[in-house]
Amino acid sequence: MNLELTDEQIALRDAARGVLSRFDTVAAAREALETPGTLPDLWPASVDAGWPGLVVAERHGGIELGLFEAMLVAEELGKVLASVPFIGVVPAAALLSLGDHPAAAPTAEGELRPVYVPACPPSPRVDDDVWTVDGIDGERIAAPVVHRDGSAWSVTGTVGWVPDAPGADLLVVVAIDDGRPVALVVDAGAAGVEIESETRYDATRRMANIHLDGAVATALSCSEQDIAGAWYSAQALLAAEAVGTVDTCLALATAYAKERFTFGRAIGSYQAIKHELVETLRRLQNARALLLNVGWAAGAAPDDVSMAASAARYSSGQALDFAARSLINVHGGIGATWEHDAPLYFRRAQLSRRLVGGVGGAADRLADESLARARRAVEAAGVR
Amino acid sequence: MNLELTDEQIALRDAARGVLSRFDTVAAAREALETPGTLPDLWPASVDAGWPGLVVAERHGGIELGLFEAMLVAEELGKVLASVPFIGVVPAAALLSLGDHPAAAPTAEGELRPVYVPACPPSPRVDDDVWTVDGIDGERIAAPVVHRDGSAWSVTGTVGWVPDAPGADLLVVVAIDDGRPVALVVDAGAAGVEIESETRYDATRRMANIHLDGAVATALSCSEQDIAGAWYSAQALLAAEAVGTVDTCLALATAYAKERFTFGRAIGSYQAIKHELVETLRRLQNARALLLNVGWAAGAAPDDVSMAASAARYSSGQALDFAARSLINVHGGIGATWEHDAPLYFRRAQLSRRLVGGVGGAADRLADESLARARRAVEAAGVR
Amino acid sequence: MDLDDSQEQAEYRAEVRAWIAEHRFEAPPGTGDMEDAAYIEARRTWQGQLSDARLVGVTWPAEFGGPGRGPVDQVIVNQELAAAGVPGGIDVIGLGLMGPCIMVNGTAAQKERYLAPMLHGDEIWCQLFSEPAAGSDLAAVQCRARRDDDGTWRLTGQKVWTTNAQFARFGMCLARTDGDQPKHKGLTMFIVPMDADGVTVRGLRQISGEAEFNEVFLDEVAVGGDEMVVGGEGGGWGAALTVLMYERMMIGLGTEGFGYSPERFAGAVAASPRMDRESGLRTRLADVVVELLAVRFRGLESLSQLADGRVPGPEFGLAKITTVNAVIAAGDLIADVNGPDALVEPGEWAYLISFLPGLKSAGGAEPILRNTVGERVMGLPPEPRLDKKITFDELVARQREGLAA
Amino acid sequence: MDLDDSQEQAEYRAEVRAWIAEHRFEAPPGTGDMEDAAYIEARRTWQGQLSDARLVGVTWPAEFGGPGRGPVDQVIVNQELAAAGVPGGIDVIGLGLMGPCIMVNGTAAQKERYLAPMLHGDEIWCQLFSEPAAGSDLAAVQCRARRDDDGTWRLTGQKVWTTNAQFARFGMCLARTDGDQPKHKGLTMFIVPMDADGVTVRGLRQISGEAEFNEVFLDEVAVGGDEMVVGGEGGGWGAALTVLMYERMMIGLGTEGFGYSPERFAGAVAASPRMDRESGLRTRLADVVVELLAVRFRGLESLSQLADGRVPGPEFGLAKITTVNAVIAAGDLIADVNGPDALVEPGEWAYLISFLPGLKSAGGAEPILRNTVGERVMGLPPEPRLDKKITFDELVARQREGLAA
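Protein chains in written order, with our numbering: chain A, -18 to 365; chain B, -18 to 365; chain C, 518 to 922; chain D, 518 to 922.
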């Protein structure tokens, strides 16, 4: 029985921390709000650290670590609001590696940058078998569709708010081929591909709305489970990133509560403040425990990954919303001013919870999985 | 502009308080838990006070006051957990009076006791036009159905958990006749009527599951709006009753917080306790303001009654849940013991929120009404 | 139970409405760039017109040039102005807070000198109370005032959250004149000419990037002699309490004025099919609607009380708590339903979402409001206070020690 | 990241499982009437058997007759007993709390006299700490002990929340021996023979009507001389702290043992079609599931720490807060979905709903736990304390004054 980090995991995490400490990413986050487009390019450092190849198989030149190791890096990114193409890269790299695609090796080496264009597997609640994507207007819409013309494949559809898409060389698109999901590789520069760069509210998060109109595509030989796995990886990475941000929010709020005095006492001595900080700690510890659940499931219980990743995404998203607001509250009025760092974490929280199916979508999924399991258990008991 | 109680309303409320002060209803609530069936019969006192005829027209011998006045009485009943047939009687009496039924006069005089068998009007969200009732197993089921045989009417169906049904002489049943709702009068002793008395968790609340199987019925000449109004009256009365109970919970908790000491201070001086009590007060004041909304709508804006009654039911139900739990929490362990009064209020809260469509159903209805109004506003703007 | 006007009120409303109908085309727009001198000038002129028509400072007594009407009449004026889409007086701080403060605490000469130009919009006022280390705990202000040999008071310190400072003619400033007294004593209220040497005003940007407030730096500012003291030397805390009481009333009666109506928020999500389908969204909408409906009727209740001549008590802070939290929930729901595009800047909902965190602590942070209601309304015992029986200078020294330890 | 046993653990588990498989048919049922002497006797005998097999008090050191294994091994035993549907030792209080208290604080003679019969189930123990006016604030106990001329200690007072008192042979009682000391001083821990004259045990019924706990009244109970004092005269608070530390560990590791699993609660609502349709129900289920899953993995985390030889700190109280609130939410959801019939008594869900409010304050009320975590884990400053520097008798007098005022 051991849920503690291994020495290798600790080394990976500390290395990530070391890489990121060379950049003032929080100052860069503010600067980018003032002057859009000024974010430092962390991609070279990310390549040096081997992050694009983290989950790529060794035979493709990758490090062949697991999802949990990628989550450790994501947590460090979240702590300092680093703008590194990661959430969108790791699931794409995993699919390229699983599909033994020629782009896997240059991805691992950082020569090619792929991006995962996310699609959500059908819920056990819904009777029909629909894969959905984020619509630009907030609605859930049907995933892109494959058209075949002999051996030539093309893909058509729209996906909103894809993280890390601007600047990507390749799109790894989940699309529907005759009712079944396939993973496709599409060249970002191909005809029929429009990548419309966007930022919203959090200047550190580069996104794009992707319009595919008969874009030439090649199929990856991935299983349906691999394709679903990419969605849950993205959920888990967003969860880990959020946990990192919560950690920072709590540290900043706690420090301030010890040094700020009102009515003759440090404000951290008042129950209202103290209990709010403890509540953040409670949520942080719970969310982090759920990251362990994902890591364990990814290694030992693949059937549990969907539930574990959804639980982690939901828990961490709620924790981040609470922590970012609490960070402002503890600071009082000054925490709601432009010059303060607190709004940068708040902006991160506000945008992140609405990406890749949203935190609410993860809650729905978690409930659906729980109900489906309970119903299967009843059926199994009836059969016995 | 005046939302203050009139002198007549204050007199009515004080009279109710006076009547109830002659009984130790809280002690009776505990006694009935120990020994089922021992509740004092408050019906004679209720008749003396004129409550059965409160909303009955003067021409039928009633006092012809409005819904808001009945809510003032309900609030007093809720304050002391009085077990008086009221929530079930008032809407029934109103329908009998509106339908100019011969039973209206003996109802007003307390000679006959009717009970309202509730049915919920269709929501603006649901496309089909289904009136529903509480099923015995917690599901929402279709309202009873009318069968006509020439001029002879009969009704068939089941309605779960009808408050005040045991001991009633007449049932005022909402049923569906060829797709439209009608209000029917059914003799409680008629063939095909089964009134299965039940209590659950709160011994002060007498209820019955009602099974109608071809029971002979006569139709009341009430409008569909009157029939829907009966449902909203029941919501409003349950809301007012809950507000009364919250009031008592808060008073008891506040008194204890002033006299109980820990760590050398009265516990009410700690922010955790103080802020929880203030939260109860906030919820109480909000719920009470929403009672005023109902009272105003009932008098001046009939189209707003559905929304106002749903809002009041939801707000007061949530407030009562909070207040009853908080009453226990403030008392610590002792509040969770049988001998203490706190569990009596807790039991009231637990059952009440699940009756007559439930507090959650009221929330759903409130959302549906809000969305429907917003959508109509958009349409109206489009037409203009 | 009657939400309609009394006959007298209806007559007043008709009169107000008629005047506005006649003059609305002379009014400047209701919102504009508060850094733009021309816009400010237009608003100031408009306040003068309203003042001539007796439609600002409605509750100001006749002896100070006001119409001397009741607070419900002020609400009627506000409602009619809002219905016509026309702004009220620009100097909300002066009209609502600083004027009453001078009426209660000022000398005859001060009333004579300052009230008429304030009412007419000729001289705009700002409130120099809060400091970086004195927000909720206002009595902890550190801005120091000392008297020169010639009797001139000189003020040095930093104030914050100052609305309208960028174009105000005068500020009402709470400063410490004696550090050897306990914190609530030794405070004095000063009138500060905002154009005096040593006054620097700097815009303070909020989360949205907009400067809703200012910081004001005072560097050895010579404000004048005792004729600039309101409420007497050492009487600053009493004068400040007057202002806080009026502030509570303003906030309590003003929530609908912010546009925080349940209808607006329901409208923002009604178009999405997700509302009918996904778990929790309708319940969250119901939560927003029920809270804001309750605030609406709580507001009407207190208008009824005002009409009866009763002033709302500190429980009014609860309406502020309810409103702020419900609107935060509304913004959250709207962005959840409409996705990242709801966060576009500039944009209605991004602005709302950015604005609310600051509103949460403005006018009393939630724990402070709850303390006040618990103690003053419910009679719960106060927390032990460590800052009341020692001098202010000693208190500050102890805090430094506490930090070093 | 590995939830499987180490090889050593796997071997131990196999050994334990084999013993249980062989003897499970000799075991009494896991639940029974705790007022029934025959059932108690059967449970006591079973504890003796387990003790002979070294399957109770797994962490008790060899010098006190225990197997001296690690806490993870105790968890393995608990898991295997639970999996086989067989109860553990009846004397959970003695084995988990009172035994360790005597090991740490007792005299050699006390260890010799009491530990072996406790381990074997021959003498069952109860904990006489809490009082009606001393729950969260345990150091405020008022039960008085005075020494007779012949050296006999006599105890008078009222204790409450006493598990197993109805059949305990001994109680460990915290009593005040000196009211002229500040409250944390002047306390002494006594061993009380529960059959002594003047001891009265009364069942204390909870919301459900079941007596889960007892009240114990002590009326001039002669417990014996100094040989009955644990931890020395005036050393009661130190001895109590030992117990509180072990209590925290018991609660922290024990939540799944209560049957509070996400699967159980999801199962209770899965049959209702309303779950797929109505707003908010699925979100509420998700809230329950996510919290209880987190508690499960927090528990596994701390087992990993225990396996590493590290003892979980006070943040463990947070798992209790999470569990209690999640289970309250689960009961609420289940009754909302299944309607009034979910509240039938006796019944699984009515019992759950009745049980939880008491659990909320048991083992530390939520505000106290949050204070502890905030101060001891996060290093936040404590609240000012008014009760530490004065004598206990003076403190009680002041409270009376406060009430009279």
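By construction, the Cβ of each residue, glycine as well, lies at the ideal position given by its N, Cα and C atoms. Values in this document were obtained by computation on a predicted structure and should not be read as measured data.
Beta-carbon proximity check, residue i vs residue j, cutoff 7 Å
| i | j | result |
| --- | --- | --- |
| residue 56(A) | residue 225(A) | yes |
| residue 189(A) | residue 177(A) | yes |
| residue 46(B) | residue 95(B) | no |
| residue 1(B) | residue 184(B) | no |
| residue 612(C) | residue 606(C) | yes |
| residue 565(D) | residue 574(D) | no |
Contact list for residue i against chain A, beta-carbon separation under 8 Å
| i | result |
| --- | --- |
| residue 838(D) | 263 |
| residue 723(C) | 317, 318 and 319 |
Boundaries (first-last residue) of the alpha helix (DSSP H) holding residue i
| i | result |
| --- | --- |
| residue 24(B) | 24 to 29 |
| residue 889(C) | 883 to 889 |
| residue 189(B) | Here residue 189(B) belongs to no alpha helix (DSSP H); instead the beta strand (DSSP E) covers 188 to 201. |
| residue 312(B) | 286 to 312 |
| residue 732(D) | Not the alpha helix (DSSP H): residue 732(D) falls in the beta strand (DSSP E), residues 728 to 741. |
Chain B residues whose Cβ lies nearer than 7 Å to that of residue i
| i | result |
| --- | --- |
| residue 253(A) | 252 and 256 |
| residue 870(D) | 331 |
Proximity to residue i [Cα-Cα], best of the options
| i | options | result |
| --- | --- | --- |
| residue 969(D) | 695(D), 710(D) and 696(D) | This structure cannot speak to residue 969(D), because chain D is shown only from 518 to 922. |
| residue 857(D) | 240(B), 314(B), 332(B) and 320(B) | 332(B) |
| residue 741(C) | 619(C), 733(C) and 712(C) | 712(C) |
| residue 168(B) | 135(B), 142(B) and 260(B) | 135(B) |
| residue 833(D) | 695(D), 761(D) and 853(D) | 761(D) |
Within chain D, partners of residue i - CB distance below 9 Å
| i | result |
| --- | --- |
| residue 345(A) | 799, 800 and 803 |
| residue 903(C) | 901 |
Boundaries (first-last residue) of the beta strand (DSSP E) holding residue i
| i | result |
| --- | --- |
| residue 689(D) | 687 to 693 |
| residue 752(D) | From DSSP, residue 752(D) is part of no beta strand (DSSP E); its letter is neither H nor E. |
| residue 97(B) | 95 to 98 |
| residue 675(C) | 670 to 676 |
| residue 115(A) | 113 to 115 |
| residue 138(A) | 133 to 144 |
| residue 717(D) | 716 to 722 |
Residue i CB to nearest heavy atom of the ligand SAH below 6 Å
| i | result |
| --- | --- |
| residue 271(B) | The ligand SAH is not part of the structure shown, which contains no ligands of any sort. |
Contact list for residue i against chain C, beta-carbon separation under 7 Å
| i | result |
| --- | --- |
| residue 244(A) | 654, 902 and 904 |
Beta-carbon neighbours of residue i, restricted to chain D and to distances below 7 Å
| i | result |
| --- | --- |
| residue 796(C) | 796, 797, 798, 799 and 800 |
Partner residues on chain A for residue i, Cβ-Cβ distance less than 7 Å
| i | result |
| --- | --- |
| residue 811(D) | 267, 270, 271 and 296 |
Within chain D, partners of residue i - CB distance below 8 Å
| i | result |
| --- | --- |
| residue 348(B) | 796 |
| residue 336(B) | 857 |
Scan the stretch 136 to 168 of chain A for residues whose Cβ lies nearer than 8 Å to a Cβ of chain C and list them as they occur along the chain.
-> Near chain C, meaning a CB-to-CB distance below 8 Å, the residues of the stretch 136 to 168 of chain A are 141 and 142.
Residues of the stretch 267 to 283 of chain A whose Cβ lies closer than 8 Å to any Cβ of chain D, in chain order: Of all residues in the stretch 267 to 283 of chain A, 267, 268, 270, 271, 273, 274, 276, 277, 280 and 281 have a Cβ within less than 8 Å of some Cβ in chain D.
### Cβ-based contacts, 9 Å cut-off: residues of the stretch 842 to 862 of chain D near chain A
In summary, no residue of the stretch 842 to 862 of chain D has a CB separated from any CB of chain A by less than 9 Å.
Within 7 Å of chain D by C-beta, residues of the stretch 288 to 301 of chain A in sequence order = Under the 7 Å Cβ criterion, the stretch 288 to 301 of chain A contributes 292, 295 and 296.
**Report entry** Near-chain D residues of the stretch 214 to 240 of chain A (beta-carbon distance less than 7 Å), N- to C-terminal order
**Finding:** Under the 7 Å Cβ criterion, the stretch 214 to 240 of chain A contributes 235, 238 and 239.
Anything in the stretch 873 to 896 of chain C with a Cβ closer than 8 Å to a Cβ of chain B? List those residues in chain order, please.
Those residues of the stretch 873 to 896 of chain C that come within reach of chain B (Cβ to Cβ, closer than 8 Å) are 884, 887, 888, 890, 891, 892, 894, 895 and 896.
- Query: What residues in the stretch 774 to 794 of chain C have a beta carbon less than 8 Å from any beta carbon of chain B?
  - Reply: From the stretch 774 to 794 of chain C, only 779, 780, 783, 784, 786, 787, 788, 792 and 793 have a Cβ closer than 8 Å to chain B.
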